[in-house]
Every structure is written in structure tokens, then in C-alpha cells.
Amino acid sequence: MSVTAEQPVAETGSTASRKGRLGAEAARYGVLRRLAPSLKHDMVVNLQAVAMMAEVLNARLERGSPAPSEFQASISKLNRLARDAVMNCLKVAAWIQPVEDEGIRLPQGVDECLALLASNFNFRGFSVAKEVAETDFEVSRVALRHLLTAALITLTDAAAGPCEVRVKAEVVGGMAQITVRVAPRPDVEGLPFEPSYRQLEWADVQALADAESVELVRTPDQVQLRMPRAVATAPLQIAPL
Numbered sequence: 002m003s004v005t006a007e008q009p010v011a012e013t014g015s016t017a018s019r020k021g022r023l024g025a026e027a028a029r030y031g032v033l034r035r036l037a038p039s040l041k042h043d044m045v046v047n048l049q050a051v052a053m054m055a056e057v058l059n060a061r062l063e064r065g066s067p068a069p070s071e072f073q074a075s076i077s078k079l080n081r082l083a084r085d086a087v088m089n090c091l092k093v094a095a096w097i098q099p100v101e102d103e104g105i106r107l108p109q110g111v112d113e114c115l116a117l118l119a120s121n122f123n124f125r126g127f128s129v130a131k132e133v134a135e136t137d138f139e140v141s142r143v144a145l146r147h148l149l150t151a152a153l154i155t156l157t158d159a160a161a162g163p164c165e166v167r168v169k170a171e172v173v174g175g176m177a178q179i180t181v182r183v184a185p186r187p188d189v190e191g192l193p194f195e196p197s198y199r200q201l202e203w204a205d206v207q208a209l210a211d212a213e214s215v216e217l218v219r220t221p222d223q224v225q226l227r228m229p230r231a232v233a234t235a236p237l238q239i240a241p242l
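According to the working numbering, the sequence shown is numbered sequentially starting from 2.
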């Protein structure tokens, strides 16, 4: 009795596309999990200010009714702090549920990503030097957030110790070009660091680049992203009068 060996099943285009989407989704989830401590901090910092102001106002009320002008000033400050807290929470929520086709100026987008990682980098002994050209060129906010933060996290995860992180962003040939390079800082000792979630891998960054149609070139100590200009696809929305 002869036995016929099973032949490998060729991967169809739809199967490969599905695997690509799943890989990109897993990478996005990994990025958000790694950013969770920073996002949590940004969300609660303004809420803590509201709570502290409320306690101060309550203490004044317990000591006796303050003068109307003083009471009004405290209420106005509390209201301002509450508005700031709401706006900050909305900004944090946009990392989780973004506007898909929202564009952002390249310098502003780079600053957003670096600001979110600043505390983590300082804690670990990483310094950041940036060289960002002043330009009105806009890129996809979603793509930039995922890819730049993923590249920064992956490069620093792979570093043996504290490094200088250099970020250069410019417009070259009608594309936004972002170069991230790391160099060791042997004179600096960083604190022990264990990520709150798994380390990101280059396969994650590549999956995100493929999903966002971004060119990705990397070496062990450098990554370069080339991103097209953002093009809005959603219909214009007119705010009601």
C-alpha cells in the first residue's frame, strides 16, 4: 500500500492579507500595552489636581464660609482644572480610538511621541536629541504614533544599556523621512528596567509599516521611516451652528 505525502497548501492572497492584518493588530496592541504606564500617568495627573483643589475648597468650607469673591475664585479654578482634565483624557483616549485619517504636522507629531516616552527614557538613562525641520508637511497621526513609538521602544529594548537617542525628521523627495539612531552612553548607569509587557520585536515594526504603507529601513542601531503626505478620506464634517 503506497502512502502519498501531503503537499503543502499554497498560501492564498486572502490568507496572507489576513495574516498581515493580524500581525499589525498584535503590534498595535503591543505598542499600547508598552505605552500604558505613560498614558495612565498623563490621564490621572490633571485629575489629581482637581482632587487636591476640591480638598482645599472643602477644608475652607469646614473652617467657615469664605468670602464670596474667594469662593468664586476657587470654583473658577476648580472648573478650569476639570476642563483641562477632560481635554487631557480625550487626548489619551485618542491613542486607543484614533481618528483614522487625521493628519498632523510632522514636528508636532514627533514631539507628541517623544513627550510620551520622556519619563521612561529618563528613568532608564536614555537621553534624546532631536533635529526636526520646521514644516507644514502633514502625515497620518495614527501611522506616526504607532510606527515612531514602536521604533523607539524596539531600538531601546535592544540596547545593552543607556544610550543617546537621536531623532531626525525632515521632508525628502516629497516624503516625510524620520531617522532614529542610538549610540551607547558608557558613562551613564541606568536603573534596572523590566517592561510592563513583552518586548517589541522588529517583526512588529515591520507589520505596522506594511499596514500603513510606510517604507522601513533598519540596521541594529538605526531605523528610518519614510511616510507619505496625509490625505483625508472621510467627508468633511460641518459643526452645527
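In this text, a Cβ means the ideal position worked out from N, Cα and C, and glycines have one as well. Note that the structure is a prediction, hence the values are computed from the model and not measured.
Item, Value
"Meets three-Cβ-pair contact criterion under 8 angstroms: the stretch 82-91 and the stretch 101-118", "no"
"Which residues DSSP lists as bridging residue 167, in chain order", "130, 182"
"is_contact[residue 96, chain D] using C-beta, thresh 9 angstroms", "Among the protein chains of the structure shown there is no chain D, as only one such chain exists."
"Helix, strand or coil at residue 329 according to DSSP, with G and I counted as helix", "Because the chain spans 2 through 242 in this model, residue 329 falls outside it and cannot be assessed."
"Cβ-based neighbour list, residue 81, same chain, cut-off 6 angstroms, excluding 5 preceding and 5 following", "none"
"Coil, strand or helix - residue 3 by DSSP", "With a pLDDT of 44 at residue 3, under the threshold of 50, the modelled position of this residue cannot be trusted; read the value that follows with caution. Reduced to three states, the DSSP call for residue 3 is coil."
"Residue from 211, 225, 228 with nearest C-alpha to residue 20", "211"
"Residue 219 beta carbon less than 9 angstroms from that of residue 177", "no"
"Where residue 26 falls: helix, strand or coil (DSSP)", "helix"
"Which of helix, strand or coil DSSP assigns to residue 177", "strand"
"Nearest neighbour of residue 55, chosen from 74, 39, 44, 79 [CA to CA]", "79"
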